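Presented below is the structure to which this report refers.
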Amino acid sequence: MKSDIEIAQGATLRPIGEIAAGLGLSEAEYSPYGHDKAKISLSVLDRLADRPDGRLVLCTAINPTAAGEGKTTTNVGLSMALNRLGHRAITTLREPSLGPSFGMKGGAAGGGHAQVVPMDDINLHFTGDFHAITSAHNLLAALLDNSLHQGNPLGINPKRVTWPRVLDMNDRALRNVVIGLGKVGDGVVRESGFEITVASEIMAALCLATGLEDLKERFGRIVVAQTYDRRPVTAADLGAPGAMALLMKDAVRPNLVQTLENTPAIIHGGPFANIAHGNNSILATRTALKLADYVVTEAGFGADLGAEKFFDIVCPAGGLTPSAVVLVATVRALKLNGGRDRKELAEEDLDALGRGVVNLEQHLENLALFGVPAVVALNRFPTDTDAELDLVRRRCAELGVDVELSEVFTRGGEGGESLARKVVELCEQDSTFTPLYGPQDGVLEKIERIATRIYRADGVDLTGPARTQLAQLEAQGHGALPVCMAKTQYSFSDDPALLGAPRGFRITVRELVVNAGAGFVVALTGDIMRMPGLPKVPAAVGMDIAGDGTITGLS
């Protein structure tokens, strides 16, 4: 089978104007970026305000493993399959970050015959949204340090500056830096650091905003430092929101592309689910819901992270009600969860599969807490045996959940038709969607509810600094905000080595950070970091471009 990039390069794309016209967009409602990409105007939401929303389907997965699960691939394949069955469907996805694209994970445009295209552009600079986010973030950092240098009129304590700089690259050497070294005119000397762009509060604010004015208001609420008497200093205090919003004037508009089978795809925003809230923008989802009968959206990493944040943060913020959930898994990944060696996953092992399927079961039990009907999409590999597939079906049936085999990687939309029919069936059922907590619950109560009911921890421990931060954020009126857990994606616990469905552990919260602009409190657990590093052999070393423009090594 050809590589992802080879398949994408051989695709026959329709002009983006035809894709837009097929959605009912006028020429004034989109701006082409070349022949195959476009920005959608926010005015579409005003024009279609009275049109009923389509059905919203969430695609999530078990905890990610080295064996791969294929969540984005399933999302794309499902949307194509729905269109093949005669429904009007749109896929909504996050934009890939250059960090993992050049690092270890690769891109985020799907795979095989279930991709969004142009895959190379999407995985690289795309329409420049990440550059705008990086610039807006760093503009705020520059204004802050300039205020310190120009006599510090706000009384900022340089030791209590919390706003770092960002870069859309995995670069561990920049996690901790000293700035302001040199001559007197080179600024105030202080410790600082870099985070990856997807961890920026600017990214989170973009993805939770309902429009440009709302985004500007969110920018104004961002807390960047404290004064000597512990008062919060915001971006509004620095006069920054207007210029920041100016940099975001195009980035705030969702991006329109297509799949290999010309199904419309709206891709916008890209927060990670392990260090941020892990979902594409509300603007993209709400736009798609006005244009389609079915919208397939995706939440990052496992359902304990992306799906929980979709239900508890995104849906309340955007007024969204999901109709169905697709939980993606593979037999190979479940065997790895059961202790099988990665090199032996092609061999039948019902014992390992039986031990590892508990990961899938816990995710299904968790999804039931939110009251949304679910189906398991099992991405089929040639090495999967009938006995292994039957075991997964039996275990899921005990929880009242069906399993549908997915072969969209090799067969495109045709390989997802049975899954699509099941999704349509689920969407006809009554969804009793209910978030896990509400604004009336305290921050610690929200953390404990997520930890004990989703992760199945025995309890939560806050470090001394975290307890101080909890008291401070509640005193400042942030106690009603939802909680965004920053946790390893590999385990239900905060220890990435504990696979399956671990028990007998506690969750340690080492730090609480208020993202007042985004509108949530981040709870950092374990050793999770907001600036990843590159692996020993980065994916970048295998990438190249020939003189004729042919790209190799991008996946």
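In terms of my numbering, the sequence shown is residues 10 to 564. Where is the CB? At the ideal position from N, CA and C, for every residue including glycine. Please read all numbers here as calculations on a predicted model, not as lab measurements.
A residue is called buried when at least 16 other Cβ atoms come within 10 angstroms of its Cβ; K192 does not meet this threshold and is exposed. Contiguous beta strand (DSSP E) elements confined to the segment 114-187 occur at 123-126, 165-170, 174-176, taking only those with 3 or more residues.
Here the segment 174-183 makes contact with the segment 204-212; the two share three or more CB pairs at distances below 8 Å. With contacts defined as CB atoms closer than 9 Å, V66 and V417 fail to qualify as a contacting pair. Around E222, the same chain offers no residue with a beta carbon nearer than 8 Å, after the five sequence neighbours per side are excluded. Put simply, the backbone Cα of K48 is about 19 Å away from that of N288.
The segment 240-297 is shown to contain whole beta strand (DSSP E) runs of 3 or more residues at 241-243, 264-268, 273-276, in chain order. In the structure shown, the three-state DSSP call for P325 is helix.
Taking a C-beta distance under 9 Å as the contact criterion, A301 and G278 do not qualify as a contact pair. Excluding its 5 nearest sequence neighbours in each direction, S427 has C-beta neighbours in its own chain below 6 Å: E413, listed in chain order. When C-beta atoms of the segment 500-516 are compared with those of the segment 160-171, fewer than three pairs fall below 8 Å, so the two segments do not count as touching.
Every beta strand (DSSP E) stretch that sits fully inside the segment 450-534 and reaches 3 residues is listed by chain position as 469-471, 492-495, 516-524, 529-534.
Leaving aside the five residues that flank D13 on each side, the residues in its chain whose CB is nearer than 6 Å to its CB run, in chain order, G120, S564. If the five residues before and after V186 are omitted, its C-beta is found closer than 8 Å to the C-beta atoms of E200, S201, G202, F203, all from its own chain and listed in chain order. In the structure shown, the three-state DSSP call for N346 is helix. Listed in chain order, the non-local C-beta contacts of R364 below 8 Å within the same chain comprise N346, G347, G348, G509, local neighbours out to five positions each way being set aside.
A straight-line Cα-Cα distance of about 43 Å links S110 and D238. In the structure shown, the three-state DSSP call for Q438 is coil. Take the alpha-carbon of A532 and the one of A312: they are about 17 Å apart. For the segment 365-444, the continuous alpha helix (DSSP H) assignments of 4+ residues that do not extend past its boundaries occur at 395-406, 417-420, 426-436, in sequence order.
Cβ-Cβ distances below 6 Å link P491 to D321, I322, F529 in the same chain, with the five nearest sequence neighbours on each side left out; the list follows chain order. The beta carbon of R458 sits closer than 8 Å to those of L445, Y446, D450, all from its chain and outside the five residues before and after it, given in chain order. For E210, there is no enclosing beta strand (DSSP E); the enclosing alpha helix (DSSP H) has its first and last residue at 210-217.
Below 8 Å, too few C-beta pairs join the segment 392-406 and the segment 66-75 to call them touching: fewer than three. The beta carbon of R184 sits closer than 6 Å to those of G202, M540, all from its chain and outside the five residues before and after it, given in chain order. Contact check for D129 against Q267 fails: the beta carbons are separated by 9 Å or more. When secondary structure is reduced to three states using DSSP, T74 falls in the coil class, being assigned neither helix nor strand.
With fewer than three CB-CB distances shorter than 8 Å, the segment 72-84 does not count as touching the segment 244-258.
Taken in chain order, the whole beta strand (DSSP E) runs of length 3 or more contained in the segment 16-59 are 39-41, 47-49. Counting the other CB atoms within 10 Å of its CB gives L479 a total of 16 or more, which places it among the buried residues. Where T81 is concerned, the enclosing alpha helix (DSSP H) starts and stops at 80-93. Beta-bridge analysis with DSSP links F203 to R174. G327 places its beta carbon less than 9 Å from that of I291. For E307, DSSP records a beta bridge to C68. Going by C-alpha positions, D439 is about 8 Å away from V381.
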